[in-house]
Amino acid sequence: MRSSFKLGVTIGILTIISAMAGWYFCPRPIKYNEGFEQDFGGWTGDADVPPDPNNPGSNVYWNVSRTTSPTRPGQQSVKVYIDGKQDDGTVWIEKAMSTRRNAQIQVKISFDVYSENESLNVIAAVVGFAGTSNPETEADFAVLGQANEVSGWKRYTHTITLKTDSSGEVWVALGISVRWETEMTYNIDDIEVTIG
10 MRSSFKLGVT
20 IGILTIISAM
30 AGWYFCPRPI
40 KYNEGFEQDF
50 GGWTGDADVP
60 PDPNNPGSNV
70 YWNVSRTTSP
80 TRPGQQSVKV
90 YIDGKQDDGT
100 VWIEKAMSTR
110 RNAQIQVKIS
120 FDVYSENESL
130 NVIAAVVGFA
140 GTSNPETEAD
150 FAVLGQANEV
160 SGWKRYTHTI
170 TLKTDSSGEV
180 WVALGISVRW
190 ETEMTYNIDD
200 IEVTIG
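In case it helps, my numbering puts the sequence shown at residues 10 to 205.
Right, dumping it as structure tokens:
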């Protein structure tokens, strides 16, 4: 009877230890939040834009800057502008983030986009990207929705599962892609990236 009691206690202790070890060593999701209150927070602007026929040798103008209006929820947001009169081009902000090496991970990007006007016409698409390489072309991005679905702020989300390489570096990016021949300005704020 004593042997079976000791065996039961030993099994119980080992079960508790293995459960605690599993909880302790289980990777927890990493969360990054950015509201652009102090600076760009390591995010940089990039674009894939066509040549400007009115300015030979140059591409169409685009710009990414911080602004105080409109914002959500703080005092700053990022303003994204592109001269879309050539009916082409994508402009975005991007950031490299560190995570586990050689691992299967899920990346979820959520962010708010501000459109001054609602439109039934598709003026611009909201796009997102997560991957192991720096995005360089419009084709790298997933379309998340129309930028002018509402007048005001709207939340967009992009989720993808991918395998990291030996560097453990993941690139995330989000922005707008031209769908109508016009100049356009949108604001981006309240970014949340979850890597798990």
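We put the beta carbon where it would ideally sit given N, CA and C, even for glycine.
Distance CB(residue i)-CB(residue j) smaller than 9 Å
i, j, result
"Q113", "P59", "no"
"T80", "N196", "yes"
"E158", "D92", "no"
"K117", "I20", "no"
"D198", "F120", "yes"
"F45", "V89", "no"
"P64", "A56", "At residue 64 the sequence reads Asn, which differs from the Pro that was named. No, they are not a contact pair."
"N42", "E201", "yes"
Rounded separation between residue i and residue j - CA only
i, j, result
"Y123", "T194", "9 Å"
"G83", "S128", "27 Å"
"S74", "T141", "26 Å"
"V135", "S175", "31 Å"
"G177", "E145", "20 Å"
"D97", "N72", "15 Å"
"I169", "Q115", "6 Å"
Member of the options whose CA lies at the smallest distance from the CA of residue i
i, options, result
"W101", "K40, D174, D149 and L171", "D149"
"M106", "E190, V181 and D61", "V181"
"T166", "Q155, K172, D174 and F45", "Q155"
"A139", "N130, S86 and G184", "G184"
Coarse secondary structure for residue i, derived from DSSP in three states
i, result
"I22", "helix"
"E190", "coil"
"E147", "helix"
"G83", "coil"
"Y195", "strand"
"P59", "coil"
"V136", "strand"
"F45", "coil"
"T168", "strand"
"G93", "coil"
"G217", "No answer is possible for residue 217: it lies beyond the span of the chain, which begins at 10 and ends at 205."
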